[in-house]
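Comments concern the structure below.
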Amino acid sequence: MGPLMMLTGAIVLSATTLAVAFSPGTGGRFQALLTAIHGHVVATVPGPIMPIAARGAEVFLSPWLYLVMLICFLAERYFPARAEQRFFSVGFVQDLVGWFLVNSLLRVALIGAFAATLDTLFQTRLSFLRIIPTDVWPPAVGLVGGLLVADFLKWLHHWIRHKVPLFWVFHAVHHSQREMNMFTDLRVHVVEYLIALPVVAVPLFMLGLTDITVIWILILMESYSRVYHANIRSDFGVLRYVFVTPQSHRIHHSSDLRHHDHNFAVVFSFWDRLMGTQWDDHTEYPDTGIRDPAFPHETSASPAGALGDYARQTIYPFKMVWNAAMGRGWTIGGADDRN
491 MGPLMMLTGA IVLSATTLAV AFSPGTGGRF QALLTAIHGH VVATVPGPIM PIAARGAEVF
551 LSPWLYLVML ICFLAERYFP ARAEQRFFSV GFVQDLVGWF LVNSLLRVAL IGAFAATLDT
611 LFQTRLSFLR IIPTDVWPPA VGLVGGLLVA DFLKWLHHWI RHKVPLFWVF HAVHHSQREM
671 NMFTDLRVHV VEYLIALPVV AVPLFMLGLT DITVIWILIL MESYSRVYHA NIRSDFGVLR
731 YVFVTPQSHR IHHSSDLRHH DHNFAVVFSF WDRLMGTQWD DHTEYPDTGI RDPAFPHETS
791 ASPAGALGDY ARQTIYPFKM VWNAAMGRGW TIGGADDRN
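Position in the sequence shown counted from 1, then plus 490, gives you my numbering.
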């Protein structure tokens, strides 16, 4: 089964699950039809991948996520960090077409299979590592505790990806965006997902969180990431001492060498304060991007052009790894200029 079919199946599975769950209890042909569609999808999506794909679809289809995107759209319109940046900029089209739409297929195909493998491995071989039974957590405690654990682990592997050259060359794709927007958080090379997934997933497995708790953690993180990657001029006032803000994360993406290796946090900014990596000036809104003139930046606002740029950007880290293997060294701004 191809990745497009898998994604379609996951979306239909999620949508029909919600429809069956919340449709009026009147019986009738419509609900029977929805139930039949749901059963067909369950039968056609590959068994090991279906639960993971369904969870991903529930996150992708969450109305909360699209409400946040609407708020970001309005905030970018009326409170832009860069007033001269058009909403439908070349960078926006690239992130929307190449990284939001196309890269999602790779995420479902590769990450879904990898996540299913991790889940199966943990349940069959490593379940003794579970420190708390699944039914022990009260829902609110599980959500907050799981979010804190996941967020710190994301801070940690984010910091590692900046420090290890082999990981950085893939992470540099994310930092290449010069026109920050709400979809920039999805400009993530598929290899990065493969690196990050075990770091976060295995500890969450050990906590024994329920599926619905994990889904809500993902919805919260995915939605909030849209906010602080957007072209919004705001430091959130006193809330910046708790949460990552569009201003603080823009510092993290800055092309100014002074800002490098700061503001790694994903949701809670206090991790950076505790680890000494917080940039304290909350008034700066610098230019963003990486210091590599050879990087294949997007040049076209057409869907076809965005697809070509996406392919070149996806291939580029592998070319850099090949250059390193051939003794040509790392080329993104030099090893000392990593963001």
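Ideal Cβ positions, reconstructed from N, Cα and C, are used throughout, including at glycine. Quick caveat, the model's predicted, so the values are computed rather than measured.
Spatial distance of residue i from residue j (CA atoms)
i: F673; j: W589; result: 8 Å
i: P807; j: S745; result: 19 Å
i: W706; j: G817; result: 45 Å
i: H787; j: E574; result: 19 Å
i: T773; j: R572; result: 14 Å
i: V689; j: T778; result: 27 Å
i: V626; j: T735; result: 34 Å
i: V663; j: Q803; result: 7 Å
i: L616; j: A691; result: 13 Å
i: M495; j: P629; result: Here M495 scores only 44 on pLDDT, less than 50, and its place in the model should not be relied on; the value that follows carries that caveat. C-alpha separation (whole angstroms): 34 Å.
i: W645; j: V717; result: 17 Å
i: D701; j: V592; result: 26 Å
i: V732; j: V654; result: 28 Å
i: Q768; j: H739; result: 10 Å
i: F563; j: F577; result: 8 Å
i: D609; j: L687; result: 11 Å
Beta carbon of residue i nearer than 8 Å to that of residue j
i: F754; j: H648; result: yes
i: I722; j: F569; result: yes
i: H719; j: M670; result: yes
i: D762; j: L676; result: no
i: V587; j: A796; result: yes
i: I650; j: F657; result: yes
i: H665; j: I780; result: yes
Residue i, enclosing alpha helix (DSSP H) - first and last residue
i: V593; result: Checking the displayed sequence, the identity of residue 593 turns out to be Asn instead of Val. Start and end: N593 to L596.
i: D782; result: It is not in any alpha helix (DSSP H) - D782 carries neither H nor E in the DSSP assignment.
i: V756; result: Element bounds for V756: n/a, residue is neither H nor E.
i: F582; result: V580 to V583
i: H743; result: Segment: none, H743 is in no alpha helix (DSSP H) and carries neither H nor E.
i: Q803; result: P793 to A815
i: I561; result: P553 to Y568
i: A603; result: G602 to R615
Own chain residues within Cβ distance below 6 Å of residue i, not counting five before or after
i: A791; result: V580 and V583
i: S552; result: I709
i: V683; result: A small fix is needed here, since residue 683 is Tyr in this sequence, not Val. Excluding residues within five positions, the ones whose Cβ falls inside 6 Å are I601.
i: F758; result: D641
i: L699; result: G632 and G636
i: P793; result: V587
i: L729; result: none
i: A565; result: I722
Same chain, Cβ closer than 7 Å to residue i, five either side skipped, listed in chain order
i: F642; result: W761
i: P693; result: V639 and L643
i: I622; result: L697 and G698
Interface flag, residue i vs chain C, CB-CB below 8 Å
i: H772; result: In the displayed structure, chain C is absent; only one protein chain is listed.
Task: Whole alpha helix (DSSP H) elements within the stretch 644-720, 4-residue minimum - done: 655-665, 680-697 and 701-719
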